[in-house]
Each structure stands twice: as structure tokens, then as C-alpha cells.
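Visitor: Chains as they are written, first to last, in the numbering used here: chain V, 1280 to 1480; chain L, 96 to 210.
All C-beta atoms in this analysis are idealised placements derived from N, C-alpha and C, irrespective of residue type, glycine included.
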């Protein structure tokens, strides 16, 4: 027999691994999957009255390796026509960013005053230029607000849930990386740590 | 001669059929996630793991083949139930006919080559 707290910890660790593995899945989708699998594990635990680590590990084994779930989610994205557009859009964004970055490098070689060369100036052959994005401050915000702030800036994000003795409500963002004010690119990943909903030691 | 990778073939076939197996399970009654994925994983060899069913559920929901609703649970938080839509029922009926034809054809040819 293992304490509920210890079992909760094992589940949290699994969900953190899953959240990281789903890093390339677009955020609404990732959130839906995280919610579904969190529900699944909770249902399995209560239906099967799990009180031992062995029984819990069995449930998690059946849920499967986070990498397999991520592979399935990414496969799905290209299989579905609606999602395919998103995939192409994202590929296009990456291509533009890559071209802009290449432009800077070429610029640095050609022009001696490379510090004056901006992506906008060198990548003039592309129609859209991805300007650098200032990472917003979402520390202290509930996850829902953090999500809308980050997606408004076209940033994607990953959440890890942690135990915290802080008095803030569960689901509050405790830390973020890159830090607020840092410059990043459209489509970059921001790693958030939020206070868990589960009871801690 | 190069040995063909049959595990890849099985995974391709599984990929094609599993979505319809989900629809078939929902034909008679609505089910919640855990119940549905357990039913699939206990039907041997159909899914690699229960977790991989969820991306599929998200997709067929986006495609309008199933929809979801919440039901309060006797113990714990409410459960998300999956329900077959009219389009889902139609897709399932079409697949059943196509599957039977396909299976019969392949069976006939396989039997023929045995003799």
C-alpha cells in the first residue's frame, strides 16, 4: 500500500513527461489531450481502487509511452485536412523565420556593418517577415489567461505542474522560461511551471 | 530477398480500421473516455496503448463523426461522454459495406493461392 500523495506524485511525473513529449503538438490540441489523459488516469484509479504503486504503474503502462501518444497526435495532424492547413501554415512560418535568419547571416558576410542589418532589410524577397516577439509576463496569471496571452503573441507553451506551498490558487503560473521581456521568435516554445491541482505532501 | 516488415503492415491496417472500431463501439451506447479506450485495448492487438486512442478521438470529433457531452459521475468530477453523430453513423455504415467487400475479396484470393 502506497500513500495517495506518493501515487499522485507518480501521476504528476508521468503527466509532466507527457506534456514535454507533446511539445510539438499545437496548444489547444495538447491541452485537450492532457485533460483527456488526466481524466483517464483518475477514472482508472477510482474504478480499479488503486492503492499500490504496482497497480498504478500498470495503469500508466497501459496508457502508454508519452512518445507514442505524441507520435499519434502528430500523425493525426497531417492526416486530417483541417489540421493539415495548420501544419502547412506552421511550416511556412518556420520557413520565413529560417529565411530571415539566413538573411542575417548572409548580410553579416556581405556588409561590414552587419549590426545594422535587420531581418526586414535582408529578407526582402519574402512577403511576410516574422518580427522578434517580446515574451509577455505570465507569472502569477491563471493558466487560461497565460494561454491567451501567449497565443496572442503566437507563442506555444508547455506546462509542468508542481507542488507549491504558496497560497496562490492551483493552476497559477509560478515561473516561466524564457523570462518576461526576453526576445524570441514566433512559434517558439515557452516553458511554464504551474501550481498543481492535486494535494501535495 | 529482403524480408518485408509485417509489423508496419499491421500498424497500417490498424490505423485504417481503428477509427471505425471506435464508431462501432459507440453504435449501441455512449461511452466515456476510460470506458471506450479500455474496451479497445482489451480487444487484443488493436491499439498500441490506451493513450494513443485520445488523439484519434480528438480528430474524429473535429471531423464531426462523434460529439461529446458531460455527465455528472456518482464519484468524482463529471465525465466526458462520446456519442455517435448522424455523420458518424453514416461513415460507419459505409465502412461496414466496404470492409466486407474488401475482406471477402482478399479472403477469396488468399484461399485460391493455398490450393
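1) DSSP state of residue 175 of chain L, grouped into three classes?
2) Indicate whether residue 190 of chain L and residue 115 of chain L have their beta-carbon atoms separated by less than 8 Å.
3) DSSP three-state label for residue 1462 of chain V, please.
4) The alpha helix (DSSP H) that contains residue 1326 of chain V, what's its start and end?
5) Helix, strand or coil, according to DSSP, for residue 119 of chain L in the structure here?
6) Can a CB atom of chain V be found closer than 8 Å to the CB of residue 163 of chain L?
7) Which residues in chain L sit within 7 Å of residue 1316 of chain V, going by Cβ to Cβ distance?
8) Could you pull out every unbroken alpha helix (DSSP H) segment of at least 4 residues lying fully inside the segment 100 to 159 of chain L, listed in chain order?
9) According to DSSP, is residue 1286 of chain V helix, strand or coil?
10) Out of curiosity, what's the CA-to-CA distance linking residue 1297 of chain V and residue 196 of chain L?
11) Following the continuous alpha helix (DSSP H) through residue 1441 of chain V, name the residue where it begins and the one where it ends.
12) Measure the C-alpha to C-alpha separation of residue 1454 of chain V and residue 1345 of chain V and round it to an integer number of angstroms.
13) To which residues of the same chain is residue 1452 of chain V closer than 6 Å at the C-beta, ignoring the five residues directly before and after it?
14) Put residue 1447 of chain V into one of helix, strand or coil per three-state DSSP.
15) Taking C-beta to C-beta, are residue 1342 of chain V and residue 1319 of chain V nearer than 8 Å?
16) Are the segment 1430 to 1437 of chain V and the segment 1296 to 1310 of chain V touching by the rule of at least three beta carbon pairs closer than 8 Å?
17) Kindly indicate which three-state DSSP category residue 1295 of chain V falls into: helix, strand or coil?
18) Distance check for residue 1294 of chain V and residue 1475 of chain V, CA to CA, integer angstroms please.
19) In chain L, which residues lie with their C-beta within 8 Å of the C-beta of residue 1348 of chain V?
20) Based on the DSSP output, what are the partners of residue 1455 of chain V in its beta bridges?
21) Quick one: is residue 170 of chain L near chain V, going by C-beta distance under 8 Å?
22) Just to confirm before moving on: does the CB-CB distance between residue 150 of chain L and residue 1338 of chain V stay below 8 Å?
23) Return no unless some Cβ of chain L is closer than 8 Å to the Cβ of residue 1326 of chain V.
24) In chain order, what residues of the same chain have a beta carbon less than 7 Å from the beta carbon of residue 1443 of chain V, not counting five sequence neighbours either side?
Guide: Looking at the atomic coordinates:
1) strand
2) yes
3) strand
4) 1306 to 1326
5) helix
6) no
7) 146, 149
8) 101 to 123, 128 to 137, 148 to 157
9) helix
10) 40 Å
11) Element bounds for residue 1441 of chain V: not the alpha helix (DSSP H) but the beta strand (DSSP E), 1435 to 1441.
12) 24 Å
13) 1417, 1418, 1420, 1425, 1471, 1473
14) coil
15) yes
16) yes
17) helix
18) 11 Å
19) 144, 146, 147, 149, 150
20) V:1471
21) yes
22) no
23) yes
24) 1453, 1474
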